[in-house]
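Enquirer: For the sequence shown, the working numbering begins at 15 and goes up steadily by one. All residues carry an ideal CB built from backbone N, CA and C; glycine is no exception. In this text the structure is predicted, and so the values were computed from the model without any measurement. Attaching a single structure in structure tokens format; questions to follow.
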Amino acid sequence: MITNPLLLFDFDYTSNTEEWQIVNDVVMGGRSNGEFLINSEGNGLFKGSVSLDNNGGFSLVRHRFKTKNIKGYKKLFIRLKGDGKRYQFRVKSSVNDNYSYIAYIDTTGDWQTVEIILASMYPTFRGRKLRISNYSGEILEEIAFLIGNKVPENFKLEIDKIALKQN
15 MITNPLLLFD FDYTSNTEEW QIVNDVVMGG RSNGEFLINS EGNGLFKGSV SLDNNGGFSL
75 VRHRFKTKNI KGYKKLFIRL KGDGKRYQFR VKSSVNDNYS YIAYIDTTGD WQTVEIILAS
135 MYPTFRGRKL RISNYSGEIL EEIAFLIGNK VPENFKLEID KIALKQN
């Protein structure tokens, strides 16, 4: 029986941002620009601008790590402060998968703790829902945040911690 939360990331002033990688739509010719840093409060800060130029429209920050067995964990909790915009939280069982399992996060502009039921995360590839099972919640190799609301916009998402819990 699992009784303790599994901390995936807890940002502070000493956090290494090199473990987080930005992927912008420039990989497809777009012009969006995102960056990731530790802010003056010691939180992870994903910020930038989304452009629709050249068929663009997204920015993503991801963290890849050695395979984690998360069997038995049912929920994910993220403490964050957004800008009132909608973001995707994404996970991958394998970094080699070309699809991600996603859940939407509607931010309020205030600090909030978001709860995501792992089994509710569904698979997508390039914005299209796939006809395969939802996330099994057994293996985890990547977590990510993506903004791509089909409008040009500036964005700012502050992240404190990400953890898994059994219930």
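Can you give the beta carbon distance from Tyr149 to Val105, rounded, assuming they're within the 8 Å contact cut?
Expert: Going by Cβ atoms, the distance from Tyr149 to Val105 rounds to 6 Å, so yes, they are a contact pair.
Enquirer: Mapping the DSSP letters down to three states, classify Asp174 as helix, strand or coil.
Expert: The answer is strand: DSSP assigns Asp174 an E or B state.
Enquirer: Residues in its own chain within less than 6 Å of Ile186 by CB, not counting five upstream and five downstream?
Expert: There is simply no residue 186 to check, as the chain begins at 15 and stops at 181 in what is shown.
Enquirer: Would Met15 be called buried (16 or more neighbouring beta carbons within 10 Å of its own) or exposed?
Expert: With a pLDDT of only 40 at Met15, under the threshold of 50, the placement of this residue in the model should not be trusted, and no figure is reported.
Enquirer: Is the beta carbon of Tyr27 less than 7 Å from the beta carbon of Gly56?
Expert: Cβ distance < 7 Å, so Tyr27 and Gly56 count as in contact.
Enquirer: Rounded to a whole number of angstroms, what is the C-alpha to C-alpha distance between Lys143 and Ser29?
Expert: Looking at the two C-alpha atoms, the distance is approximately 34 Å.
Enquirer: Using three-state DSSP, classify Ser150 as helix, strand or coil.
Expert: Three-state result, Ser150: coil.
Enquirer: Give every residue of the same chain whose Cβ lies closer than 6 Å to the Cβ of Ile92, excluding the five residues on either side of it in the sequence, and list them in chain order.
Expert: Answer for Ile92: Val128, Ile176, listed in chain order.
Enquirer: Alpha carbon to alpha carbon, how far is Gly123 from Gly98? Give it in angstroms, no decimals.
Expert: Going from the Cα of Gly98 to the Cα of Gly123 covers about 5 Å.
Enquirer: Select from Ser65, Glu32, Val40 the residue whose C-alpha is nearest the C-alpha of Ile52.
Expert: Comparing Cα-Cα distances from Ile52 to each of Ser65, Glu32, Val40, the minimum goes to Glu32.
Enquirer: To the nearest angstrom, how far is it from the Cα of Lys170 to the Cα of Leu178?
Expert: Going by the C-alpha atoms only, they are around 24 Å apart.
Enquirer: Indicate the three-state DSSP secondary structure (helix, strand or coil) for Leu144 in the structure shown.
Expert: Leu144: coil per DSSP, three-state reduction.
Enquirer: Mind checking Leu90: buried by the 16 CB within 10 Å criterion, or exposed?
Expert: Per the 10 Å Cβ criterion, buried.
Enquirer: Taking His77 as the reference, give the member of Ile36, Glu172, Gly62 with the closest Cα.
Expert: When only C-alpha atoms are compared, the closest one is Ile36.
Enquirer: Give a yes or no on whether the C-beta atoms belonging to Phe159 and Val75 are separated by under 7 Å.
Expert: Result yes, Cβ atoms of Phe159 and Val75 sit closer than 7 Å.
Enquirer: Gly48 and Asn68 - do their beta-carbons sit closer together than 7 Å?
Expert: Their beta carbons are not under 7 Å apart, which means Asn68 does not touch Gly48 by this criterion.
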